[in-house]
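Below is one structure, written out as structure tokens; the observations come after it.
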Amino acid sequence: MNDTFHYGIDSLTPSKALGIAQGILKGILSPQAREKIEESQRQVSVIVEQERTVYGINTGFGILSNTRISAEDTTTLQHKILQSHSVGVGDPIPIEIAKLMLITKVHALAQGYSGIRMETLERICWHIEQDVIPVVPEKGSVGASGDLAPLAHLFLPLIGLGECYLNGVRLDTHKVLKQKGILPLQLGPKEGLALINGTQFILSFAIKAVQRMHNCLEAADIIGAMSLEALTGTKAPFDDRLHQLRPYPGNLLVAQRLRLLLEGSDIMQSHVDCGRVQDPYSLRCMPQVHGASRNAWLHLKEMTQVELNAVTDNPIVFKADDTVSGGNFHGQPMALPLDYACFAAAEIGNISDRRCYLLLEGKWGLPMLLMKDVGLNSGFMIPQYTTAALVTENKTLCFPSSADSIPTSLGQEDHVSMGSISGRKLNRVLDNLEYILAIELLSACQAIEFRRPLKSSAVLEFAHEY
Numbered sequence: 004m005n006d007t008f009h010y011g012i013d014s015l016t017p018s019k020a021l022g023i024a025q026g027i028l029k030g031i032l033s034p035q036a037r038e039k040i041e042e043s044q045r046q047v048s049v050i051v052e053q054e055r056t057v058y059g060i061n062t063g064f065g066i067l068s069n070t071r072i073s074a075e076d077t078t079t080l081q082h083k084i085l086q087s088h089s090v091g092v093g094d095p096i097p098i099e100i101a102k103l104m105l106i107t108k109v110h111a112l113a114q115g116y117s118g119i120r121m122e123t124l125e126r127i128c129w130h131i132e133q134d135v136i137p138v139v140p141e142k143g144s145v146g147a148s149g150d151l152a153p154l155a156h157l158f159l160p161l162i163g164l165g166e167c168y169l170n171g172v173r174l175d176t177h178k179v180l181k182q183k184g185i186l187p188l189q190l191g192p193k194e195g196l197a198l199i200n201g202t203q204f205i206l207s208f209a210i211k212a213v214q215r216m217h218n219c220l221e222a223a224d225i226i227g228a229m230s231l232e233a234l235t236g237t238k239a240p241f242d243d244r245l246h247q248l249r250p251y252p253g254n255l256l257v258a259q260r261l262r263l264l265l266e267g268s269d270i271m272q273s274h275v276d277c278g279r280v281q282d283p284y285s286l287r288c289m290p291q292v293h294g295a296s297r298n299a300w301l302h303l304k305e306m307t308q309v310e311l312n313a314v315t316d317n318p319i320v321f322k323a324d325d326t327v328s329g330g331n332f333h334g335q336p337m338a339l340p341l342d343y344a345c346f347a348a349a350e351i352g353n354i355s356d357r358r359c360y361l362l363l364e365g366k367w368g369l370p371m372l373l374m375k376d377v378g379l380n381s382g383f384m385i386p387q388y389t390t391a392a393l394v395t396e397n398k399t400l401c402f403p404s405s406a407d408s409i410p411t412s413l414g415q416e417d418h419v420s421m422g423s424i425s426g427r428k429l430n431r432v433l434d435n436l437e438y439i440l441a442i443e444l445l446s447a448c449q450a451i452e453f454r455r456p457l458k459s460s461a462v463l464e465f466a467h468e469y
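If you read the sequence shown in the working numbering, its first letter stands for residue 4, the second for the next number, and so on.
Structure below.
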């Protein structure tokens, strides 16, 4: 297996980005990428030398775009944009997310449309490789003109400011650089703007969510199958013929997985001729509900894949006489799928809680609250309180951030995505979902003990023992 990734050349995926962040994969700047980067930087130098008026190179920013900046102040301008935009608040984002921001930014800049210098990119790569990760506050981005505040904090260390984690310890950047024997950089024309324009904050939360939500979806099928077994439900609703009549990809996959998970189960075989006609929806409709959430996850994964390999800077430098100011930094293409995935993840928790409740009701041969002697003991009553609280909290997190927009920059930036909130919110929902599924797993395992000596399928027995 190739353990090297070429920034700006290879196609980046969520798993590859995580692999670089975890040290499994090494990201490098190849000669081909270096050539593109250096050519783009040369084009910016020509713009400066010829005194062409180009946004962000020799003008102010946002509503100040019509303010011309003198040639001798272009470097100062790039430093000031990092300092003026470092106004984020709140707790720091996880170190892994900040590292993903560095990785995805290098990949975007290395495609050669931003005019960044090789020296600057190499310094960012040094931060990645040495695990010197900047401290980035979680709040302050509106997700248009990119994630300005978080990215400004992310790159303050390049000019010797801000804070970094070194060996997990939070330190002032100047102490870290002194310890490492490294001097701060002097940014060149356009570099400050290129560093803070982009959707890497939104994107990095999406990368993590793609991984976490997939794990939850896989677990939900396994745990749901265990609950179905414990409740002596039927697998008839998972018949492939039924789902071919409504062939959504997620539904088909979940139905197939449930059939395989339940194959060879003694518990399922023991009641094959019972008189129950239909199970409650939380059992019978797992392919439709889990499957719909898988469809949402698949959409998020596809959009994240596009964004991972996109150039989200502004302006884009094609040539010295061909720079285009556009809106590739706008976070709406990611905000919508993140909000969609948020609803989908919350629904997995909702249906899981309903199965927890069924397991406690004392029906179909199971004791009430999954304990023979209740009174002195409360059995499994109170864990379901926790799932109820978590499910409700997730519902409150389902307001779509992308449905809101507040004009900024005195109306110049009059529509924003709020995608940064969508990304953070989805990961909060996934935090709760992991707990909800764990409680269902605990309850299902307890319930299956009342079906002994009958055995589950081999896969579910392994899950039970694990």
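Each residue gets a CB set at the ideal place from its N, CA and C atoms; glycine is no exception.
This structure is a prediction, so every number in the text was calculated from the model and none was measured.
| query | Does the distance from the C-beta atom of Ser148 to that of Asn200 stay below 8 Å? | reply | Contact flag set, yes.
| message | Tell me the residue span of the alpha helix (DSSP H) that contains His82. | response | Run containing His82: 77 to 88, per the alpha helix (DSSP H) assignment.
| Alpha-carbon spacing of Ile50 relative to Lys181, whole angstroms | Approximately 35 Å between the Cα atoms of the pair.
| said: Assuming Gly368 and Thr237 are in contact, meaning their beta carbons sit under 8 Å apart, how far apart are those beta carbons, in whole angstroms? | reply: With a Cβ gap of about 15 Å, Gly368 and Thr237 do not count as contacting.
| task | Kindly indicate the opening and closing residues of the alpha helix (DSSP H) around Gly334. | result | In the DSSP assignment, Gly334 falls outside any alpha helix (DSSP H) and carries neither an H nor an E.
| DSSP bridge partner residues for Tyr388 (one or two, in chain order) | The partner list for Tyr388 (beta bridge, DSSP) is empty, contrary to what the question assumes.
| Arg71 classed as buried or exposed, judged by whether at least 16 other C-beta atoms fall within 10 angstroms | Counting the other Cβ atoms within 10 Å of the Cβ of Arg71 gives fewer than 16, which makes it exposed.
| Beta carbon of Glu194: closer than 7 Å to some heavy atom of the ligand HEM? | Judged by which ligands are present, the structure shown has none, so any question about the ligand HEM falls away.
| message | According to DSSP, is Phe241 part of a helix, a strand, or is it coil? | response | In this structure, Phe241 counts as helix in the three-state DSSP scheme.
| request: Check whether the Cβ atoms of Val135 and Glu166 lie closer than 8 Å to each other. | output: With contacts defined by Cβ atoms closer than 8 Å, Val135 and Glu166 do not form a contacting pair.
| said: Within a Cβ cutoff of 7 Å, which residues of the same chain sit near Gln35, ignoring the five residues on either side of it in sequence? | reply: So the list reads Ile12, once near-sequence residues are dropped.
| request: Express the C-alpha separation of Cys448 and Leu457 in angstroms, rounding to a whole number. | output: Computed Cα separation, rounded: 13 Å.
| Where does Val145 fall in DSSP's three states? | Three-state result, Val145: coil.
| query | Apart from the five residues just before and just after Phe241, which ones in its own chain have a Cβ nearer than 7 Å to its Cβ? | reply | Excluding residues within five positions, the ones whose Cβ falls inside 7 Å are Ala258, Leu261, Arg262, Pro290.
| query | Comparing alpha-carbon positions, which option in Glu443, Val280, Glu141 lies nearest Pro386? | reply | Scanning Glu443, Val280, Glu141 for the CA closest to the CA of Pro386 turns up Glu443.
| Between Thr305 and Gly184, what straight-line distance do the alpha-carbon atoms span, to the nearest angstrom? | One detail in the question is off: residue 305 reads as Glu in this sequence, not Thr. The straight-line gap from Cα to Cα measures roughly 42 Å.
| query | How do the stretch 404 to 413 and the stretch 370 to 384 stand: do at least 3 beta-carbon pairs fall below 8 Å, yes or no? | reply | With a cut-off of 8 Å, the stretch 370 to 384 and the stretch 404 to 413 do not count as touching, because too few Cβ pairs lie within range.
| task | Can you say whether Ala239 is buried or exposed, counting buried as having 16 or more other CB atoms within 10 angstroms of its CB? | result | Exposed is the call here.
| query | Helix or strand or just coil, what does DSSP make of His9? | reply | If DSSP states are grouped into helix, strand and coil, His9 belongs with the strands.
| message | Strictly under 8 Å for the Cβ-Cβ distance: is Pro34 near chain C by that measure? | response | Structure shown: chain C not included; a single protein chain is present.
| When burial is assigned at 16 or more other CB atoms within 10 Å of the CB, is Glu75 buried or exposed? | Burial check for Glu75: the Cβ neighbour count within 10 Å stays below 16, so the residue is exposed.
| message | Assuming Lys181 is part of the alpha helix (DSSP H), what are its boundary residues? | response | Lys181: member of the alpha helix (DSSP H) spanning 176 to 183, first to last residue.
| said: Please state whether the Cβ-Cβ distance between Ile270 and Ser459 is less than 8 Å. | reply: With contacts defined by Cβ atoms closer than 8 Å, Ile270 and Ser459 form a contacting pair.
| request: Spatial neighbours of Lys398 within its chain, please: CB distance less than 7 Å, with the 5 preceding and 5 following residues excluded, ordered by chain position. | output: When the five nearest sequence neighbours on each side are left out, the beta carbons in the same chain lying within less than 7 Å of the beta carbon of Lys398 are those of Ala349, in order along the chain.
| query | Are Ala111 and Gly426 closer than 8 Å when you measure CB to CB? | reply | No, the Cβ-Cβ distance between Ala111 and Gly426 is not below 8 Å.
| request: Within its chain, find whatever has a CB closer than 8 Å to the CB of Glu468; leave out the 5 residues flanking it on each side and keep chain order. | output: The answer is none, since no qualifying residue turns up.
| field | Distance between Pro250 and Leu67 (C-alpha atoms, nearest Å) | value | Each residue's Cα considered, the two are about 53 Å apart.
| Cβ distance (whole Å) where Gly91 is taken to contact Met421 below 8 Å | Actually they are not in contact, since the Cβ atoms of Gly91 and Met421 sit about 15 Å apart, beyond 8 Å.
| task | Below 6 Å CB to CB, which residues in the same chain sit around Ser285 once its five sequence neighbours on both sides are set aside? | result | Taken in chain order, the residues that qualify are Ile354, Arg357, Arg358.
| Residue range of the alpha helix (DSSP H) that Gly422 falls in? | Per DSSP, Gly422 belongs to the alpha helix (DSSP H) from 422 to 452.
| task | Could you name the residues of the same chain whose beta carbon sits closer than 8 Å to that of Met4, not counting the 5 residues immediately before and after it, in chain order? | result | At Met4, the pLDDT of 45 sits below 50, so the modelled position is not reliable; the number obtained from the coordinates is stated separately. Excluding the 5 residues flanking it on each side, Met4 has no same chain C-beta neighbour closer than 8 Å.
| task | Look up Arg71 in the DSSP assignment and say whether it is helix, strand or coil. | result | Arg71: strand per DSSP, three-state reduction.
| query | What's the call for Val394, buried or exposed, on a 16-neighbour Cβ count within 10 Å? | reply | It counts as buried.
| query | Exposed or buried, what is Phe158 when buried is set at 16 or more other beta-carbons lying within 10 Å of its beta-carbon? | reply | Under this definition Phe158 is a buried residue.
| said: Need the endpoints of the alpha helix (DSSP H) that Val109 sits in, please. | reply: Membership of Val109 in the alpha helix (DSSP H) is indicated by the continuous run 98 to 112.
| query | Buried or exposed: which applies to Trp300, given that a residue is buried once 16 or more other Cβ atoms fall within 10 Å of its Cβ? | reply | Buried.
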